[in-house]
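Residue numbers (the working numbering): 197 to 520. A virtual CB, placed ideally from N, CA and C, is assigned to each residue, including glycine.
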């Protein structure tokens, strides 16, 4: 995400569409959560209403501290055996210790399955047709998953809404060299994380260690859909409820359209017309579709209205809502 040199990768020269791309995914953590007390335990600890999840459905959620700041942000899926949590970046090391410290006498089992899985992200305009064909006619509905047999291993297909194009998370039992043959006969290009994050920024999806960290509350980093304002008490709920009812989060996640071709560094200050800092760059990249440098920033409420003109490193930056 530091230059525009690879801006055309993964795009069709004829129509600008994103071809079907496959990205090996080694920065992921997968945990099974089971036991008779798992539903009530997760309900008390997490920001999302998860009791209504049906088998095969998932939702984004947060685990907050008492100040309402984000300790974990992840996807939780309802399985036939219980639940499965999918996390990215350093959160995969933090997940078990953070939940284990609030787990006392409940019958809850948290099992790390990460080393037993091989994972890829598949994205591009062709994903729905590929998914429909592979599953025998199922709809590619975001926040749903399907399990199928691939070669000699089971494969779970999680339909995600991370990107401005359709995307799937593919999870198979076993290590990567054993399951790679499944993809050899498919007409799929190899992707990299720069391509993934460019499409993520276009959509405006927050990501751990970019938009999301322990200094943020959900309203400041675009995670309104990962919290419930109607469920009962959970850690940090008082702060979340207060901000919701006041309707005044101090900052909001916004997009920036930045002039020129130079991609600003993470944490580069974002300034208003008086030179006052109103935010920092969180993610930045070149958008092939928009032919522009774009970025995300958690901007002070007074300066976050769409169309507001700000500045980044002396370049004009216009505030935009997501998706771009």
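**Prompt:** Given residue 334, which residues of its chain have a CB within under 8 Å of its CB, disregarding the five upstream and five downstream residues?
**Reply:** Walking along the chain shown from the start, residue 334 turns up at place 138. Closer than 8 Å at the Cβ level, and outside the excluded window around residue 334, lie 327, 328 and 342.
**Prompt:** What's the C-alpha gap between residue 228 and residue 291?
**Reply:** Position 32 of the chain shown, counted from the first residue, corresponds to residue 228. Position 95 of the chain shown, counted from the first residue, corresponds to residue 291. Spanning the two alpha carbons is a distance of roughly 11 Å.
**Message:** Does residue 457 come out as helix, strand or coil in the three-state DSSP assignment?
**Reply:** Residue 457 sits at position 261 when you count from the first residue of the chain shown. It is coil, neither helix nor strand.
**Prompt:** Cβ atoms of residue 474 and residue 495: under 8 Å apart, would you say?
**Reply:** As a first step, residue 495 must be located in the chain shown, where it is residue number 299. As a first step, residue 474 must be located in the chain shown, where it is residue number 278. Between residue 495 and residue 474, the C-beta spacing is below 8 Å.
**Prompt:** Is residue 490 closer than 8 Å to residue 481 when the C-beta atoms are compared?
**Reply:** By one-based count along the chain shown, residue 481 stands at place 285. By one-based count along the chain shown, residue 490 stands at place 294. Closer than 8 Å, so yes.
**Request:** Would you mind reading off the limits of the beta strand (DSSP E) that contains residue 467?
**Result:** Working through the chain shown from its first residue, we reach residue 467 at position 271. Taken as a continuous stretch (DSSP letters only), the beta strand (DSSP E) holding residue 467 covers 465 to 467.
**Residue interval of the beta strand (DSSP E) (run including residue 271)** = The residue given as residue 271 occupies position 75 in the chain shown. 266 to 274 is the extent of the beta strand (DSSP E) around residue 271.
**Request:** Leaving out five residues on either side along the sequence, give the residues of the same chain with a beta carbon under 7 Å from the beta carbon of residue 386.
**Result:** Indexing the chain shown from 1 puts residue 386 at position 190. Excluding sequence neighbours, residue 386 sits near 218.
**Message:** Using the three-state DSSP reduction, which class does residue 247 fall into: helix, strand or coil?
**Reply:** The residue you call residue 247 lines up with position 51 of the chain shown. Residue 247 falls in the coil class under three-state DSSP.
**Request:** Using the Cα positions of residue 406 and residue 300, report the straight-line distance between them to the nearest angstrom.
**Result:** Your numbering for residue 406 matches position 210 in the chain shown. Your numbering for residue 300 matches position 104 in the chain shown. Rounded to whole angstroms, residue 406 to residue 300 spans 32 Å at the Cα level.
**Asked** If you draw a straight line from the C-alpha of residue 304 to the C-alpha of residue 213, how long is it?
**Response** As a first step, residue 304 must be located in the chain shown, where it is residue number 108. As a first step, residue 213 must be located in the chain shown, where it is residue number 17. Straight-line Cα distance between these residues: approximately 45 Å.
**Message:** Considering just the uninterrupted stretch of the alpha helix (DSSP H) at residue 324, what are its terminal residues?
**Reply:** As a working note, residue 324 is residue 128 in the chain shown. DSSP places residue 324 in the uninterrupted alpha helix (DSSP H) bounded by 323 to 330.
**Request:** Starting from the Cα of residue 297, find the closest Cα among 259, 332 and 316 and give me that residue.
**Result:** The residue you call residue 297 lines up with position 101 of the chain shown. If we check each option's Cα against that of residue 297, 259 comes out closest.
**Beta-ladder partner(s) of residue 309, from DSSP** = Within the chain shown, the letter at position 113 stands for residue 309. Beta-bridge pairing links residue 309 to no other residue.
**Message:** Only counting the same chain, and skipping five residues up and downstream in sequence, which positions put a Cβ closer than 8 Å to that of residue 194?
**Reply:** Because the chain is modelled from 197 through 520, residue 194 falls outside the range shown and cannot be assessed.
**Message:** Rounded to the nearest angstrom, what separates residue 517 and residue 476 at their Cα positions?
**Reply:** Here residue 517 is taken as the residue at index 321 of the chain shown, counted from 1. Here residue 476 is taken as the residue at index 280 of the chain shown, counted from 1. Taking the straight line joining both Cα atoms gives about 16 Å.
**Request:** Select from 315, 410, 363 and 445 the residue whose C-alpha is nearest the C-alpha of residue 262.
**Result:** Here residue 262 refers to the residue found at position 66 of the chain shown. The shortest Cα separation from residue 262 among 315, 410, 363 and 445 belongs to 410.
**Message:** By the three-class DSSP mapping on this structure, what secondary structure does residue 571 have?
**Reply:** As displayed, the chain neither begins before 197 nor continues past 520, which places residue 571 out of reach and without an answer.
**Prompt:** Where does residue 282 sit, in a helix, a strand or coil, going by DSSP?
**Reply:** Taking the first residue of the chain shown as position 1, residue 282 is located at position 86. Residue 282 falls in the strand class under three-state DSSP.
**Message:** Tell me the rounded alpha-carbon separation between residue 479 and residue 278.
**Reply:** As a first step, residue 479 is located in the chain shown; it is residue number 283 there, counting from the start. As a first step, residue 278 is located in the chain shown; it is residue number 82 there, counting from the start. Cα to Cα, residue 479 sits roughly 35 Å from residue 278.
**Asked** Considering only residues of the region 216 to 248, which uninterrupted alpha helix (DSSP H) runs meet the minimum length of 4 residues and lie entirely inside it, listed in chain order?
**Response** 234 to 241
**Message:** So, for residue 373: in the same chain, excluding its five sequence neighbours on each side, which residues have a beta-carbon less than 7 Å away from its beta-carbon?
**Reply:** Your numbering for residue 373 matches position 177 in the chain shown. With a pLDDT of 48 at residue 373, under the threshold of 50, the predicted position of this residue should be treated as unreliable, and no value is reported.
**Prompt:** DSSP beta-bridge partners for residue 385?
**Reply:** Translated into the one-based positions of the chain shown, residue 385 becomes position 189. Beta-bridge partners of residue 385 (DSSP): 217.
**Request:** Go ahead and label residue 461 buried or exposed: buried means 16 or more other beta carbons lie within 10 angstroms of its beta carbon, across all protein chains shown.
**Result:** Start at 1 with the first residue of the chain shown, and residue 461 comes out as number 265. By the 10 Å Cβ count, residue 461 comes out exposed.
**Prompt:** Rounded to whole angstroms, how far is the Cβ of residue 404 from the Cβ of residue 284, which I believe are closer than 8 Å?
**Reply:** Here residue 404 corresponds to residue number 208 of the chain shown, with the count starting at 1. Here residue 284 corresponds to residue number 88 of the chain shown, with the count starting at 1. That pair is a contact at about 5 Å.
**residue 444 to residue 497 span [Cα, whole Å]** = As a first step, residue 444 is located in the chain shown; it is residue number 248 there, counting from the start. As a first step, residue 497 is located in the chain shown; it is residue number 301 there, counting from the start. The alpha-carbon atoms of residue 444 and residue 497 are separated by roughly 8 Å.
**Prompt:** DSSP three-state call for residue 293: helix, strand or coil?
**Reply:** Position 97 of the chain shown, counted from the first residue, corresponds to residue 293. Helix, per DSSP.
**Message:** According to DSSP, simplified to helix, strand and coil, what is residue 424?
**Reply:** Position 228 of the chain shown, counted from the first residue, corresponds to residue 424. In the structure shown, residue 424 falls within a coil segment according to DSSP collapsed to helix, strand and coil.
**Spatial neighbours of residue 243 in its chain, beta-carbon cut-off 8 Å, leaving aside the 5 residues before and after** = For the purposes of this step, residue 243 is taken as the residue at position 47 of the chain shown. Closer than 8 Å at the Cβ level, and outside the excluded window around residue 243, lie 257, 258, 259, 260, 414, 422, 423, 424, 430, 432, 433 and 436.
**Prompt:** Would DSSP call residue 406 helix, strand or coil?
**Reply:** By one-based count along the chain shown, residue 406 stands at place 210. Coil, per DSSP.
**Message:** Taking the straight line between their C-alpha atoms, what separation do you get for residue 321 and residue 470?
**Reply:** To locate residue 321, count along the chain shown from 1; it is residue 125. To locate residue 470, count along the chain shown from 1; it is residue 274. Each residue's Cα considered, the two are about 43 Å apart.
**Between the CA atoms of residue 442 and residue 416 - distance to the nearest angstrom** = Mapped onto the chain shown, residue 416 falls at position 220. Mapped onto the chain shown, residue 442 falls at position 246. In this model, residue 416 and residue 442 are separated by some 14 Å (Cα to Cα).
**Prompt:** Is residue 367 closer than 8 Å to residue 344 when the C-beta atoms are compared?
**Reply:** Numbered from 1 along the chain shown, position 148 holds the residue referred to as residue 344. Numbered from 1 along the chain shown, position 171 holds the residue referred to as residue 367. Contact flag unset, no.
**Prompt:** Going by the CB atoms, is the gap between residue 339 and residue 276 shorter than 8 Å?
**Reply:** One-based indexing of the chain shown puts residue 276 at position 80. One-based indexing of the chain shown puts residue 339 at position 143. No.
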